[in-house]
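Quick note, the sequences are listed as chains B and H, same order.
Using the numbering used here, you'd call the opening residue of the first sequence number 1 and step up by one each time.
Using the numbering used here, you'd call the opening residue of the second sequence number 1001 and step up by one each time.
Where is the CB? At the ideal position from N, CA and C, for every residue including glycine.
Remarks on the structure that follows.
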Amino acid sequence: MSAATDTLALALKEQEEGLLNCVHCGFCLPACPTYRRLGDEADSPRGRLHLMRAVVEGRLSADSDAFQLHISRCLGCRACEPVCPSGVAYGQLLELARQVGGEARRPPLLNRLLLRVFGTGWIARPAMFAARMLRATGLPALAARLLSGDSTPKGARLGVAMLAASGSPGALPAAADPEHPGSDPAPGGDHPAGNGTPSDSTPPAPPTAALASPTPPTTVGLLTGCVQAGLFSRVNEATARVLEANGYEVVPVPGQGCCGALHAHAGDLEAARAMARRNVEAFEAAGVDLLAMNASGCGAAMAEYGTLLAHDDRMAERAAALAARVRDVSELLAARGPLPGAEVPMEVTWDAPCHLLHAQGVASPPTTVLAAVPGLRMLPLAGAQECCGGAGIYGLTHPRLGGWIGADKVRSVLDSGAAALVTGNPGCMMQIGAGLRLRGSSVPVLHLVEVLDESYRRAGRYQPEVP
Amino acid sequence: MIPKALAVSLTGICGSDGVIADRDRLLVYESDALTAYRHRPGAVVLPRTTDEVRRAVQAITRHGLPIVPRGAGTGLSGGAVPLGGAVVIGTARMNRILSIDAANRRAVLQPGVINAELSAAAAPHGLYYAPDPSSQTACTIGGNVAENSGGPHCLKYGVTSRYVTGLTVVLADGSVVRLGGQGREAPGYDLVGLFVGSEGCFGIATEVEVGLLPVPEGVRTLLGIFDRIEDAGRAVSDIVSAGLLPAAMEIIDGPTIRAVEDSVFAAGYPTDAEAALVIEFDGLEAGLDAEAARAAEFCRRAGAREVRSAKDEEERLALWKGRKKAFGAMGRIAPDLLVQDATVPRTTLPAILKGISEIGKRYGLVVANVFHAGDGNLHPNILFDRRDEAELERVERASKEIMQICVDSGGTITGEHGVGLDKKHHMPLIYGQAELDTMWGIRRVFDPGDVLNPGKVLPEETDPAARAGWGDGAVGEDLAAAPAPAPA
């Protein structure tokens, strides 16, 4: 038995001892996107747990096609966790199982390559720069429009469309109310929230910090992330602005890096731990009260640093303490109201990122945040609690199944009749955005903070005006 | 493993992704929700249509292999455990609601539709599907038909058989028959009634027509808190004797309360209580308050320390959620559990509950009770750790004793989980050989070659064929190697 198998065995045993044990009730089956589509027990959480146990019991080889196929086919969306009466910590077991599987058989080149890019700063930065340059040429957007049909491999088509979808969503609709001339549409381009000049007649907002928080401001450190920093810098900037507007002091955190979520999900736990250690040290050194997350996949990973480093004598306690201070940006905003903005007359729908709703149990704060935007109408989204098929790098590594799940999400977005989809994770934004583009739809995908940011800009909350 | 030729023909029928023949991948099909029984199937097929089921049945029986139908694998009697290298026909992909006829309050669906999703789909029409097994968020209609499933609200509304009005069934020889249908009284024999509850031994239902009910106008939900479980049992008995007809009456005992409150489904039950009694009335608004007040009074008279009523829909759903997820939450008390499913006359409840508690004490075991008290359907859950062999033995002895006192009191061995593999050896506790002979006779009409879910429901030693020395009715792991039965 390998060391990784021992660790999986230990984790299963710990859950058994801790009475967080799978009793085979099957309540997780309907929550699982892969089971719902494939109908194979082995593609359900209960089935995968059964396979993990079988490996630990020595009844199944970790190198078997069965273990490799079904463990890799899991999205890791963790929709099974909130419906589990026994409280099985499935996400943790999946990561350990992937480690076992990865040791028994080398993961495919594409998986290794993608992880390598995200995990290595000196590769990630130029790669992201190149991606941004490519995106700026408009070629990916054009290609996404042209590359329909089956001539192009699915993965490549999706990749191109994802890159195009990471671009700026463009202008949001202006308020029809002539009493609010300040709510001019923002011009398009890479800075939708920044370029507009607020009209002089916009009523100046009161000093926000004083209004929102009478106590000394809470300091927050923003995880800037790898994909987020590389392709969604506008979201990072908007996050800082809306947090500041709500009385938080956003403190720079030098030395931080990739959160390691993708590596952990892929079972490369050693790499994930190294990244976690580096971030624990960076955020500790920054001395912030709370950690702000605008990518729910990263947020879920950092909130679980305590578990990830539980067997690291030097770091375990520090990691757990840091993890306890991780907050999604929607939670931070909802805790302060948030401050209302100006009208953004638009019908939107909200898709809950799995790692926000299922892994972190954050359900209502995003709705609270959107309610602070006057004129914004929330339309229901069928299956909002189900994964979009993006699931980290899953959309790229499993283009067929990920594409199937993604197509269902795209259909339900279009059926909702919303003019824009709002969500809270870059992976979901790219996956659903790409799906919409490939369907020929122009419905934009926005990050939650982008909507609030635009609403604040229109309300003249930013003094002085951001560049 | 199945013969290569069979794998090829099944692939031709269900597609390559609809056939699982790899030994390792079959491991997950070795048990249903009762994990004490494990047998790996020879293969699994996942058809999408009646025609695919028909052709699959023909192909499998041509190779002399037995067939086990499987829904969501939430069964608690081992009914979907494939014995003898059987081929599992899974209905997970047959999950479409084919029609909802709101005016006639009828729906036609494939067997893989999840129970709760039928009610969700009917809700916009102001309708719902009444039988509500505790696993209703996961279990499928096909499984409900096979087990004649009940649920908390069956006290007033009755079990599955009352709602199934028509069936399309693939028989053992691969022929397709339509039984009943369109809600009409079918002339001739009530084959729908015969088929419902046949536990996969008579055929495979591939389309199910069910009756729907209008969503009740009003609901009142009460929660009685008791310091002694016998008192809760008495309240139930008194309420029914007084002529009240609640939609549901459920008892959740102390250990279960504590497990549920510890889980994500915490319902706000007081953790120091020894029993919580959930009582629900539904129907026309007029009269509901009076009924609820009378039931509350019976609870107080029986010794309830407190009677609460759910203030709103949210509280009502929370109360129910705690009850419905109790089985899964048991995992928080002990690593293993053995759930019993006995039904006793309601009036004997206080004595039986006391008896169960005494048996538990005598064997040093925790027995958690959560059950449909209104119809006397007990679910004593014996909690244990299978790694402790001595304890395991005590569990088996305690389980038998519990079953015995239930039968002695005029009860029976299963209320709703079915006989399956787990209870078949208890059948002679209830029936004499004449009754078992009759059942064997009916079974052989549907399945002369013993290919449909063999080894379930009826104990082999009672098989008239085996007793007369005509053949070996027993089914073991080696059946796959047995000669093919003659085609019917």
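- Looking only at B:Glu249, B:Pro85, B:Arg278 and B:Ala141, the smallest Cα-Cα distance to B:Arg314 is reached by B:Arg278.
- Taking CB atoms only, B:Leu12 has no neighbour in chain H less than 8 Å away.
- With 16 or more other Cβ atoms from the protein chains shown falling within 10 Å of its own Cβ, H:Tyr1269 counts as buried.
- Taking CB atoms only, B:Glu57 has no neighbour in chain H less than 8 Å away.
- The Cβ neighbour count for H:Glu1435, taken over all protein chains shown within 10 Å, is under 16; the residue is labelled exposed.
- Interface flag for B:His50 against chain H is set, since a Cβ pair is found closer than 8 Å.
- Given a length threshold of 4 residues, each whole run of the alpha helix (DSSP H) inside the stretch 320–375 of chain B is given here in chain order: 329–335, 354–357 and 365–371.
- Beta-bridge partners of H:Val1278 (DSSP): H:Leu1223 and H:Glu1250.
- Proximity of the stretch 1286–1293 of chain H to the stretch 1185–1195 of chain H falls short of the contact definition, fewer than three beta-carbon pairs being nearer than 8 Å.
- When DSSP states are grouped into helix, strand and coil, H:Ala1205 belongs to the strand group.
- With a threshold of 16 other beta carbon atoms within 10 Å, B:Ser2 falls short and is exposed.
- Contact annotation: in the stretch 23–49 of chain B, residues whose CB is within less than 7 Å of a CB in chain H are Val23, His24, Cys25, Gly26, Phe27, Leu29, Pro30, Gly39, Asp40, Glu41, Ala42 and Gly47.
- B:Ser44 sits buried, since 16 or more C-beta atoms from the chains shown fall within 10 Å of its C-beta.
- H:Gly1085 and H:Gly1181 have their C-alpha atoms some 35 Å from each other.
- Neighbours of H:Ala1072 in chain B, taken as residues at a C-beta separation under 7 Å, are given in chain order as Gly26 and Leu29.
- Residue-level contact by beta carbon fails for B:Pro366 and chain H, as no gap is shorter than 8 Å.
- Beyond the five residues adjoining it in sequence on each side, H:Pro1345 comes within less than 7 Å, by CB distance, of Gly1376, Ser1409, Gly1410 and Gly1411 in the same chain, given in chain order.
- A direct Cα-to-Cα measurement between H:Ala1326 and B:Pro85 gives close to 8 Å.
- Taking CB atoms only, B:Pro216 has no neighbour in chain H less than 8 Å away.
- Contact between the stretch 1229–1247 of chain H and the stretch 1306–1319 of chain H is absent: fewer than 3 CB-CB pairs across the two stretches fall below 8 Å.
- Within its own chain, the residues whose Cβ lies closer than 6 Å to the Cβ of H:Ser1099, once the five positions on either side in sequence are excluded, are Val1108, listed in chain order.
- Take B:Ala161, set aside five residues on each side of it, and the residues of its chain with a beta-carbon closer than 6 Å to its own are Ala144, Ala434, Arg437 and Leu438, in chain order.
- At a Cβ-Cβ threshold of 8 Å, B:Gly101 and B:Gln68 count as neighbours.
- Chain order gives the chain H residues near B:Ala54 as Leu1027, where near means a beta carbon separation below 8 Å.
- Within the stretch 65–77 of chain B, those residues whose Cβ lies closer than 8 Å to any Cβ of chain H are, in chain order, Asp65, Ala66, Phe67, Leu69 and His70.
- Secondary structure of H:Ile1100 (DSSP, three-state): strand.
- Residues Thr1061, Pro1066, Ile1067, Ala1172 and Pro1485 of the same chain have their beta carbon placed closer than 7 Å to that of H:Val1451, with the five preceding and five following residues left out of the count.
- Closer than 8 Å to the CB of H:Asp1022 there is at least one CB belonging to chain B.
- For the pair B:Thr224 and B:Glu249, the CB atoms are not nearer than the 8 Å cut-off.
- For H:Asn1369, the enclosing beta strand (DSSP E) begins and ends at Val1366 to His1372.
- Distance check between B:Val451 and each of B:Glu281, B:Glu331 and B:Pro173 places B:Pro173 closest, using alpha-carbon atoms only.
- Burial check for B:Ser441: the Cβ neighbour count within 10 Å stays below 16, so the residue is exposed.
- Those residues of the stretch 1306–1330 of chain H placed with their C-beta closer than 8 Å to a C-beta in chain B are Lys1325, Ala1326, Phe1327, Gly1328, Ala1329 and Met1330, ordered along the chain.
- When DSSP assignments are scanned along the stretch 1177–1202 of chain H, no uninterrupted stretch of beta strand (DSSP E) that is 3 or more residues long falls wholly within it.
- Of the residues H:Asp1447, H:Pro1448 and H:His1426, the one whose Cα lies closest to the Cα of H:Thr1462 is H:His1426.
- Judged by DSSP in its simplified three-state form, B:Val253 adopts coil rather than helix or strand.
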